[in-house]
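First the structure, in the form of structure tokens, and then the observations on it.
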Amino acid sequence: MSLTKFVGLLAGSTLTLTGVSYGAAEANNDTTAQINQLKAEIASLKAAQGDQWLTEQRAEQIRGVVQDVLADSSTRSSFQGAAATSGYDNGFFLSSADGNFKLKINALEQVRFTWGNGYGAAKSNGGGDDPSNNQWGFENRRTQLFFSGNVVDPSWKYLVGMAYDSQPDPYVRNTGPDNGYGYAVQGPQFQLYYAQITKDMGDGFSVTVGQQNVAFTLQSQLFNAGMTQMGEYSLFEYAFGAGQQVGLSAKWEKDAVRVMGGWYNAIFLPPEAAAANQWNAQNNQGVALAGRGEFKLAGSWDQFSKESSFKGEEFGLVVGGGIFWQTARQTNDNPPYGFAPVGITVDANAKFGGFNLIGQLIWENSYAFAPNTQDQSTWGFNVQGGAFLTEDLELFGAWNYNTISTQASNYLQVGANWYFAKNNMKMSVIGTIPVSATATQQGGDTAYGQSYGLLPTGGSGQPVGDNFGLVVQLQLMF
């Protein structure tokens, strides 16, 4: 081969290899670029998908938090409605979250204008009537505050009441120690009203110890005077009610029947007598037992926590009766504080949704004291009712007859209630008319006479008898 031909072949081969090498490098560069581009796209896609996933996860978490908050809010709303820690429920109350400790506050305020009209007192200088035949004025009849609730658990209940009353009544006695009968009416002063502890045993059975209403008459089942129809205890209750005493009692209540009874220091003590609230009080009896039973033929027990029957209420009927028995001690006061070893009462209470009717009958036996050498029987009755003319205006009336210490007293009462918010706020007008000689001459000398505006009679410069008593009263209660 010639040198020229060899050189040509070598040069061609070199060019060929160089082209191949250059083409391969160029191809590699293209591939690398494509790979880098794909990597960038993949990274971009991953980043986009990752942000989207995080956003969805965050949204799901937020939705979960919102649902939890809404569920918690619903739970709290239900809890607040069922067991709120404070509020108003027939009284202002505070309660622990579990309901084991509770305090409720209630109050009664009664302010009245009273006018008493009598006859027979002549002017000392002769001619005409003496001004003492007419007396009037304002008084703060009742200011009462109550604390009730439970401690430890809802079965342990307590009730404490304080009263500042202008006149004594069967349940609040403005009395203090004195010689003679062992009492003295001292005028308005703070008195202990309720002071009792109750244990709820379950199945409608409970036990109470302390100062409490003696379960005997119909009105002994009312919480206070604010639940009465007239805004005042009846003449019957003043004459025969057992009032409050210190003792131990038990109660059993079911849907149609309730029975209650107890052992007390004493049973029958008129409002003017000193309360037997000490173990060695002069008027304590050797044994003093009282009980009451009621049978509900229609309605609900809640209806009979008050006397009036408001329009729209269902028909209700309860018949009941009470009995007490006590033995005297040698240190007891003379009559009337030491008498009545036994007493029996029966009553009926009907409500017709806008009209009510109450009937009561009682008999008591009295010890023999000089100058009487034989036991004496004391008895009486009360008929009372009311009717609503409108939703807020009620007319009422009562007829009371009783024989105490062999003397008969006869009274008629008429009046009206104007209800602003049922018993929580009402105005009452009460007229009391004595219709027997004993009633006209002695009514104002008793606690019930003074509460209804009857004048003291027979004293120096006082009327010989009473014509009527008029009371206008405003009541606020919660």
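In the numbering used here, the protein residues as written are 2 to 479. Using N, Cα and C, we set each Cβ at its ideal position, and we do this for glycine too. Just so you know, these numbers come straight off a predicted model, no measurement behind them.
Output needed for residue i: all residues of its chain with C-beta closer than 8 Å, excluding positions within five of it in sequence on either side, in chain order.
i: T17; result: A caution first: T17 carries a pLDDT of 48, below 50, which makes its placement in the model unreliable, though a value can still be read off. Answer for T17: no residue qualifies.
i: F421; result: D393, K427 and M428
i: A251; result: F206, S207, V208, T209, M261, G262 and G263
i: F102; result: S96, G150, N151, V152 and V153
i: Q304; result: S310, E314, E315, G317 and K352
i: F356; result: S310, G386, G387, A388 and F389
i: P155; result: G100, N101, K103 and D201
Closer than 6 Å by C-beta to residue i: which residues in its own chain qualify, once you throw out the five before and the five after it? Chain order, please.
i: N118; result: N135, N468 and F469
i: S343; result: First, the amino acid is wrong: residue 343 is Val here, not Ser. W326 and N366, listed in sequence order.
i: T144; result: E110 and Y165
i: W302; result: none
i: A25; result: Because the pLDDT of A25 is 46, which lies under 50, any placement of that residue in the model is unreliable, and the number read from its coordinates should be weighed accordingly. Counting only Cβ-Cβ distances below 6 Å, and skipping sequence neighbours, we find nothing.
i: F139; result: F114
i: Q474; result: Q111, R113, G232 and S429
Who are the Cβ neighbours of residue i in its own chain at under 7 Å, not counting the five residues just before and after it?
i: G300; result: E315, F316, G317, L318 and K352
i: G360; result: D348, A349 and V384
i: T439; result: Q408, A409 and S410
i: V415; result: G398 and G432
i: F479; result: G92, N107, A108 and N425
i: G466; result: G119, Y120, G121, T441, Q442 and T458
i: T404; result: T379, W380 and G381
Just to confirm, are residue i and residue j a CB contact at a threshold of 8 Å?
i: A417; j: E392; result: no
i: S452; j: Q246; result: no
i: L413; j: V436; result: yes
i: I268; j: F325; result: yes
i: S207; j: A243; result: no
i: M228; j: S306; result: yes
i: A289; j: Y265; result: yes
i: A108; j: L146; result: yes
i: Q197; j: Q213; result: yes
i: F217; j: N401; result: no
i: G313; j: G354; result: yes
i: W253; j: K200; result: no
i: A388; j: Y239; result: no
i: G381; j: L358; result: no
i: L219; j: G321; result: yes
i: Y194; j: V215; result: no
i: Q190; j: E308; result: no
i: G459; j: Q476; result: no
i: G323; j: A282; result: no
Mark residue i as exposed unless 16 or more other C-beta atoms lie within 10 angstroms of its C-beta, in which case mark it buried.
i: Y89; result: exposed
i: Q408; result: exposed
i: T86; result: exposed
i: T328; result: exposed
i: R142; result: buried
i: A98; result: exposed
i: G203; result: exposed
i: S378; result: exposed
i: T115; result: buried
i: G65; result: exposed
i: G287; result: exposed
i: T32; result: exposed
i: K297; result: buried
i: D69; result: exposed
i: D170; result: buried
i: S235; result: buried
i: S133; result: buried
i: L39; result: exposed
i: N37; result: exposed
Write down the C-beta distance between residue i and residue j rounded to the nearest angstrom, noting that I regard them as a contact closer than 8 Å.
i: G525; j: L104; result: Given that the chain is displayed from residue 2 to residue 479, the structure contains no residue 525 and the question cannot be resolved.
i: E295; j: R259; result: 5 Å
i: G121; j: P464; result: 5 Å
i: V472; j: I431; result: 4 Å
- prompt: Which ranges does the beta strand (DSSP E) cover as unbroken runs of at least 3 residues, wholly within the region 393-477, from first to last along the chain?
  reply: 394-405, 408-420 and 426-435
task: Please go through the region 186-272 and give each complete alpha helix (DSSP H) segment of 4 or more residues, from N-terminal end onward.
output: 236-241
- request: Scan the region 272-297 and note each continuous beta strand (DSSP E) run of 3 residues or more that stays entirely inside, going in chain order.
  value: none
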